[in-house]
Amino acid sequence: MEITILAFGIAKDILGGIRVNITLNEPANIHALKQQLEHNYPPLKELASYMIAVNNNYASDTQTILSTDEIALIPPVSGG
Amino acid sequence: MEITILAFGIAKDILGGIRVNITLNEPANIHALKQQLEHNYPPLKELASYMIAVNNNYASDTQTILSTDEIALIPPVSGG
Amino acid sequence: MHPNINIEILSAPLELANCLAWVQSPTCGGIDVFIGTVRNATKGKQVEKLEFEAYLPMAIAEMEKIAMQAMEQWPVEKISIHHRTGILAVGEIPVIIAVAAAHRSAAFEACRYVIDTLKKTVPIWKKEFFADGAVWVAAHP
Amino acid sequence: MHPNINIEILSAPLELANCLAWVQSPTCGGIDVFIGTVRNATKGKQVEKLEFEAYLPMAIAEMEKIAMQAMEQWPVEKISIHHRTGILAVGEIPVIIAVAAAHRSAAFEACRYVIDTLKKTVPIWKKEFFADGAVWVAAHP
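Residue numbers (our numbering), protein chains in the order written: chain A, 164 to 243; chain B, 164 to 243; chain C, 10 to 150; chain D, 10 to 150.
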């Protein structure tokens, strides 16, 4: 399936845009998404850390992804 | 010597005014002043505590009083 | 008065914007502000209004001492303390303390120290007015 | 949104008076306010400006979670959190947190918790601009 990834901060620079499409084998979970992202965009591995959010909530590695989910790539935050 | 006592808050109510004169034997210290005040105004003994300030500083019981000092009777504070 | 300390005792309503403008600085990353407000009740009893009385020169001197102690204990840059006197209605502001620092931790800790110490040592007195009378706070055990 | 929580993410300058007015209440005796300000330097290097970017719906949801956690941990009545986005000059205000409580101790502790947690979990990113380039803060180890 093809999903759209929202990217912010330095992740937007690494992925080359705010919205990037990525193809995953079904069924897919967060762990598989991260592996595919790091394969397509190796500089992600150099970040201090990053999280994936699904529908506005931080997701664990085992969470399953649906094509209708809103998926965001969250690099280290620095608000405040 | 006669000294003037400035009184605030409930002390002003007990002494009956903002400025009250009191006569002390010389040389006088804070301890002697407190004894004379409590003799003249017994309700002072019912306060939770009180302090004497000399020239805008809290004074210890042994500090000597001069007739030129500014003496204030400081009941428990409650600012803020 | 220390150049990085601003103390005012005012009979007119306190202005938060004044305290903030005084402490703001390009070298500061955080400002902690404490704003006291008149509550409508104390120990379950309805409060109608408060009156604050200050021993003016000594109250200013004691507040400056507290601000100096805070500057010695934490790396803070500027401290502004404004205290109100006179009659205050419910919701009005008796005190504002603003502390600016390079880092927020120092601002929080110093601000807390200033208000806690102010309530113990600064010669200012509060009278609470109820429907059935008035009392000077903390006067009796 | 919980009726005692006010969260805003704004591209225009933050107004302290708005946060304060929102949290003020006749049942509160103390308000603690944290105001972040843009420092002119970081790790000894001169900062020219900052840019803040937010993942809007999630940032609001995360800030509401933090405010809810604070209300569960301390007896506070109202919490207002305003965060700025876009380009900010030195001295401008990226964040304001105001917490009102019956007693000041809860207001101080909850306000400190909100800012500390906000910096760890809310999806907002800060880019620092120097004379010789720009970096996303905390991105790399």
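In this text, a Cβ means the ideal position worked out from N, Cα and C, and glycines have one as well.
| query | result |
| --- | --- |
| Residue-level contact to chain C via CB, residue 23 of chain D, 8 Å cutoff | no |
| Straight-line Cα distance separating residue 171 of chain A from residue 125 of chain D | 21 Å |
| Against chain A: residues of the segment 115 to 128 of chain D by CB proximity under 7 Å | 124, 127, 128 |
| Those runs of the beta strand (DSSP E) which lie wholly inside the segment 72 to 103 of chain C and span at least 3 residues | 85 to 93, 95 to 98 |
| Separation of residue 123 of chain D from residue 50 of chain D, as counted between CA atoms | 24 Å |
| Contact set between the segment 62 to 96 of chain C and chain B, restricted to residues whose Cβ is under 7 Å from the partner | 62, 64, 66, 67, 70, 92 |
| Members of the segment 127 to 144 of chain C that neighbour chain F once the beta carbon cut-off is set at 8 Å | Absence of chain F from the displayed structure is noted, the protein chains being A, B, C and D. |
| Continuous alpha helix (DSSP H) stretch holding residue 125 of chain D: start and end | 113 to 130 |
| Contact list for residue 146 of chain D against chain A, beta-carbon separation under 7 Å | 241 |
| Chain-ordered chain A contacts of residue 45 of chain D [CB-CB under 8 Å] | 243 |
| Which of helix, strand or coil DSSP assigns to residue 67 of chain D | helix |
| DSSP state of residue 56 of chain D mapped onto helix, strand, coil | coil |
| Per-residue DSSP class, three states only, for residue 218 of chain B | coil |
| CB of residue 70 of chain D within 8 Å of CB of residue 219 of chain A, strictly | yes |
| Residue 68 of chain C versus residue 74 of chain C - alpha carbon distance | 10 Å |
| Coil, strand or helix - residue 145 of chain B by DSSP | This structure cannot speak to residue 145 of chain B, because chain B is shown only from 164 to 243. |
| Per DSSP, cross-strand counterpart(s) of residue 233 of chain B | In DSSP, residue 233 of chain B forms no bridge with anything. |
| Residue 104 of chain C: contacting residues in chain B (beta-carbon distance under 9 Å) | 242, 243 |
| CB contact flag (residue 39 of chain C, residue 43 of chain D, <8 Å) | yes |
| Distance CB(residue 57 of chain D)-CB(residue 147 of chain D) smaller than 8 Å | no |
| Contact set between the segment 164 to 186 of chain A and chain D, restricted to residues whose Cβ is under 9 Å from the partner | 169, 171, 172, 173, 174, 175, 176 |
| Contacts around residue 145 of chain B, its chain only, beta-carbon distance under 6 Å, and the 5 residues preceding and following it disregarded | For chain B, the structure presents residues 164 to 243; residue 145 of chain B sits outside this window and is missing. |
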